[in-house]
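Student:
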Amino acid sequence: MTIKIGELAKRTGATVETIRYYEKERLLPEPFRSEGNYRLYNEEHIERLQFILHCRTLDMALDDVRILLEYWESPDKDCGDVNNLLDEHIHAVEIRMEELMHLKHHLTVLRQKCAGSAQAVSCGIMWHLKRACR
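So, in structure tokens, the structure goes:
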């Protein structure tokens, strides 16, 4: 079974541009070519692309996905490094969550600077934003 890039995009939910990008980054193996030079993908491409897309939904960097794909290709390898990679990713997510909580707090305090609808010239939020730029 072979399919063209549009069908691969449809089946996986990826865009054609994303598929081409992953090929360029060598995350996806180069597809076969038809006599008309169309890219032709098989089941392996579909499964691999779904794996990549799932990793990306977990906000993994392409370098991390690349490492995980090495384990995909070598299923007999010890997965200790995979555990370490996930531990590092979890830690990075925790740090980002703290940063987002600080951001939320800052925005909440800023929102309290203006109680209702008014002209922008007298808006407390605008005043504080302008003052922060000085």
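Following full-length UniProt numbering, the residues of the sequence shown are numbered contiguously, the last one being 134. All residues carry an ideal CB built from backbone N, CA and C; glycine is no exception.
If we ignore side chains and look at the alpha-carbon of each, how far apart do L8 and L40 end up?
Tutor: Rounded to whole angstroms, L8 to L40 spans 9 Å at the Cα level.
Student: List, from N- to C-terminal side, the alpha helix (DSSP H) runs of 4 residues or more that fit wholly inside the UniProt domain "HTH merR-type" (2–71).
Tutor: List check, alpha helix (DSSP H) in window: 5–12, 16–24, 43–57.
Student: Going by alpha carbons, who is nearest to S34 out of L27, M1, T15?
Tutor: It is M1 whose Cα lies nearest to the Cα of S34.
Student: Is A132 helix, strand or coil by DSSP?
Tutor: Reduced to three states, the DSSP call for A132 is helix.
Student: Less than 8 Å separating the beta-carbons of L28 and L58?
Tutor: Not in contact: L28 and L58 (Cβ atoms no closer than 8 Å).
Student: Count Cβ pairs between the stretch 62–69 and the stretch 85–94 that sit closer than 8 Å; are there 3 or more?
Tutor: Yes: at least three Cβ pairs fall under 8 Å.
Student: Assuming the contact rule is C-beta atoms closer than 8 Å, Y22 and I52 should be a hit. Round their C-beta distance to whole Å, please.
Tutor: So it is a contact: roughly 6 Å between Cβ atoms.
Student: Grab the span of the alpha helix (DSSP H) containing G80 for me, first residue to last.
Tutor: Taken as a continuous stretch (DSSP letters only), the alpha helix (DSSP H) holding G80 covers 80–111.
Student: Taking just the CA atoms, how far does K4 sit from V16?
Tutor: Taking the straight line joining both Cα atoms gives about 10 Å.
Student: Identify which residue in R96, L107, C55, K113 has its Cα closest to the Cα of L85.
Tutor: The candidate whose alpha carbon is nearest that of L85 is C55.
Student: So, at 8 Å on beta carbons, what are the nonlocal neighbours of W127 in its own chain, with the 5 sequence-adjacent residues on each side left out?
Tutor: Cβ neighbours of W127 beyond the five flanking positions: K113.
Student: Determine whether the Cβ of E70 lies closer than 8 Å to any Cβ atom of chain D.
Tutor: Chain labels in this structure do not include chain D; a single protein chain is all it has.
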